[in-house]
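Student: Before anything else, here's the structure in question.
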Amino acid sequence: MAAKILMTGSIMMDLILQMPRIPHPSESLLGTSYSNAGGGKGSNSAVAACKAGGEVSVCGTLGKDSNGEALLGMLTDIGIDVSNLTLKEGANTGMAVIMLEEDGMNRLAIYTGANNDTTPEAVDAAFEGKEYDALMMQLEIPLETNVHAFELAHERGMITCLDAGPAQDYPLERFKGLTILSPNETETEALVGILPKDDETCIAASKILKERSDCKYVVLKMGDKGSFIYGDDICQMVPTFKVEAVDPTAAGDCFTGVLVKQYAETKDIVASARYASAAAAISVQHLGAQPSLPTKEAIDEFIAARS
């Protein structure tokens with residue numbers, strides 16, 4: 042049975058600027074193209090989980106503007122439940138400006154906008170009369186809203202996942218009993234002061250993260266190395282699939298969304314991470330955040346071709 046997932050978090054419009062390299066200070070540099078695509082860490086993970094076969098609902102806030110209307114349409118067309126998505130008059134829809142270099146490296150500037158207006162009361166409405174298997178959260182909406190969502194989900198015995206990005210120090214102690222805590226390398230360093238780069242530093246960082254959050258699993262997103270899983274007698278790197286990257290934007294969000302969907306259905310964290318790595322490997326081969334996210338059929342074919 043398909044996992045039922047609630048995402049409380051960010052929804053943004055991405056502006057993707059392709060250019061040979063990042064400009065130096067005070068330099069004007071001619072780009073090669075630009076495009077728009079759906080984005081935001083929360084929305085990316087929600088779309089990834091939905092396209093991978095999950096039943097996904099979102100709780101968030103958009104501005105009542107052209108970007109908000111466009112994003113609402115995109116999520117609806119994908120098949121996501123948007124009944125708890127608010128378009129707020131006078132607010133600006135969140136935006137991410139993504140500078141994508143020729144070598145595939147990217148840099149992001151984020152304006153959270155209307156995402157800051159997602160309230161604990163909105164979360165209450167999303168839970169009212171609904172049953173979910175899992176909750177996905179990120180750090181692009183107010184802390185109190187995240188905490189409230191976590192508490193409601195925890196009371197109901199749901200799987201809970203906190204994607205600890207963007208990088209910042211965050212009160213993990215307020216999320217005691219998380220199922221999955223999943224930062225990337227820079228987010229891990231911001232949280233515990235250790236940059237994970239090998240087994241030794243991954244273990245050291247994971248121990249602190251687990252102690253602070255009392256989570257079941259720490260899942261460190263390690264880019265092209267894969268993911269490092271710590272907890273419940275598991276301590277191992279799950280390697281990723283080697284592909285030629287075009288655009289890494291949203292690869293981590295893709296991984297998280299598919300990981301939560303798979304884990305909710307199988308309860309096998311290692312196999313779920315392997316499956317999520319395949320999804321992320323597909324995503325980096327295409328331009329844009331949400332346009333790059335693969336379907337369940339594409340993921341299954343990708344894995345079968347490499348078995």
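Each number in our numbering corresponds to the 1-based position in the sequence shown with 41 added. Even for Gly, the Cβ is constructed at its ideal location relative to N, Cα and C.
Suppose contacts are defined by Cβ-Cβ distances below 8 Å. Is S333 in contact with G267 by that definition?
Tutor: On the sequence shown, residue 333 is found 292 positions in, with the first residue counted as 1. On the sequence shown, residue 267 is found 226 positions in, with the first residue counted as 1. Result no, Cβ atoms of S333 and G267 do not sit closer than 8 Å.
Student: Report the residue from V299, S254, C256, R62 whose alpha carbon sits nearest the alpha carbon of D144.
Tutor: Within the sequence shown, residue 144 is the residue found at index 103, counting from 1. The candidate whose alpha carbon is nearest that of D144 is R62.
Student: Can you tell me whether T227 is buried or exposed? The criterion is at least 16 other CB atoms within 10 Å of its CB, across all chains shown.
Tutor: On the sequence shown, residue 227 is found 186 positions in, with the first residue counted as 1. Its Cβ having fewer than 16 others within 10 Å, T227 is exposed.
Student: Do P237 and M278 count as a contact pair if the criterion is CB distance below 8 Å?
Tutor: Within the sequence shown, residue 278 is the residue found at index 237, counting from 1. Within the sequence shown, residue 237 is the residue found at index 196, counting from 1. M278 places its beta carbon 8 Å or farther from that of P237.
Student: Using three-state DSSP, classify C295 as helix, strand or coil.
Tutor: Translated into the one-based positions of the sequence shown, residue 295 becomes position 254. Residue state, collapsed to three classes: helix.
Student: Counting C-beta neighbours from all protein chains within 10 Å, is the total for E181 16 or more, i.e. buried, or is it exposed?
Tutor: For the purposes of this step, residue 181 is identified with residue 140 of the sequence shown, where counting begins at 1. The residue in question, E181, is buried, as its Cβ has 16 or more Cβ neighbours within 10 Å.
Student: So V164 and C100 are supposed to be a Cβ contact under 8 Å. How far apart are they, rounded?
Tutor: Taking the sequence shown and counting its residues from 1, the one referred to as residue 164 is at position 123. Taking the sequence shown and counting its residues from 1, the one referred to as residue 100 is at position 59. Right, their Cβ atoms sit about 6 Å apart.
Student: I need the straight-line Cα distance from L128 to L261, nearest angstrom please.
Tutor: Here residue 128 refers to the residue found at position 87 when the sequence shown is read from its first residue. Here residue 261 refers to the residue found at position 220 when the sequence shown is read from its first residue. In a straight line, the C-alpha of L128 is about 34 Å away from that of L261.
Student: Determine, using beta carbons only, whether T201 and L184 come nearer to each other than 8 Å.
Tutor: Taking the first residue of the sequence shown as position 1, residue 201 is located at position 160. Taking the first residue of the sequence shown as position 1, residue 184 is located at position 143. Not a contact, by the Cβ cut-off of 8 Å.
Student: For the segment 258 to 286, list the beta strand (DSSP E) runs that are entirely contained and at least 3 residues long, ordered along the chain.
Tutor: Taking only runs of at least 3 residues, the beta strand (DSSP E) segments lying wholly in the segment 258 to 286 are 258 to 262, 268 to 272, 275 to 279.
Student: Does the distance from the CB of I52 to the CB of A175 come in under 8 Å?
Tutor: As a first step, residue 52 must be located in the sequence shown, where it is residue number 11. As a first step, residue 175 must be located in the sequence shown, where it is residue number 134. Result no, Cβ atoms of I52 and A175 do not sit closer than 8 Å.
Student: If we count Cβ pairs, one from each stretch, closer than 8 Å, do we get three or more for the segment 197 to 213 versus the segment 286 to 303?
Tutor: yes
Student: Have a look at P224 and L71 and give me their C-alpha separation to the nearest angstrom.
Tutor: For the purposes of this step, residue 224 is taken as residue 183 along the sequence shown, with counting starting at 1. For the purposes of this step, residue 71 is taken as residue 30 along the sequence shown, with counting starting at 1. Going from the Cα of P224 to the Cα of L71 covers about 34 Å.
Student: Could you check the C-alpha separation between G104 and V259 for me, to the nearest Å?
Tutor: As a working mapping, residue 104 is identified with position 63 in the sequence shown. As a working mapping, residue 259 is identified with position 218 in the sequence shown. Cα-Cα distance, rounded: 34 Å.
Student: Which residue from V287, I221, T281 puts its Cα closest to that of D273?
Tutor: Stepping through the sequence shown from its first residue, residue 273 is reached at position 232. Here the closest residue by C-alpha is I221.
Student: Within 8 Å, do at least three Cβ pairs link the segment 119 to 128 to the segment 155 to 173?
Tutor: yes
Student: Shortest alpha-carbon distance to V287 belongs to which of E142, F168, L250?
Tutor: In the sequence shown, counting from the first residue as 1, residue 287 sits at position 246. The residue with the shortest Cα to Cα distance from V287 is E142.
Student: Taking the alpha-carbon of R347 as reference, which of R315, Q331, L328, T336 has the nearest alpha-carbon?
Tutor: Along the sequence shown, read from residue 1 onward, the residue named residue 347 stands at position 306. Measuring from the Cα of R347, the nearest candidate turns out to be R315.
Student: Whose C-beta lies closer than 7 Å to the C-beta of R253 among residues of the same chain, with five residues either side of it excluded?
Tutor: Stepping through the sequence shown from its first residue, residue 253 is reached at position 212. Contacts found: L213, E214.
Student: In whole angstroms, give me the CA-to-CA distance for A339 and M177.
Tutor: Your numbering for residue 339 matches position 298 in the sequence shown. Your numbering for residue 177 matches position 136 in the sequence shown. When rounded, the distance between both Cα atoms is 23 Å.
Student: On the DSSP bridge list, what partners appear for N187?
Tutor: Within the sequence shown, numbered from 1, the residue matching residue 187 stands at position 146. DSSP lists no partner for N187.
Student: Using CA atoms only, rank isn't needed, just tell me which of Q331, I57, A44 is closest to S74.
Tutor: Residue 74 sits at position 33 when you count from the first residue of the sequence shown. Considering only alpha carbons, the answer is I57.
Student: Might you give, ordered along the chain, the residues of its own chain that have their beta carbon closer than 7 Å to the beta carbon of A190, omitting 5 neighbours on each side?
Tutor: Taking the first residue of the sequence shown as 1, we reach residue 190 at position 149. Taken in chain order, the residues that qualify are T49, V164, L176, M178.
Student: Between the Cα of L112 and those of V88, G94, R197, spot the shortest distance and give me the residue it belongs to.
Tutor: Taking the sequence shown and counting its residues from 1, the one referred to as residue 112 is at position 71. Comparing Cα positions, the closest option is V88.
Student: Check this for me: beta carbons of S247 and Y211, under 8 Å apart or not?
Tutor: Counted from its first residue, the sequence shown places residue 247 at position 206. Counted from its first residue, the sequence shown places residue 211 at position 170. For S247 and Y211, no; Cβs fall outside 8 Å.
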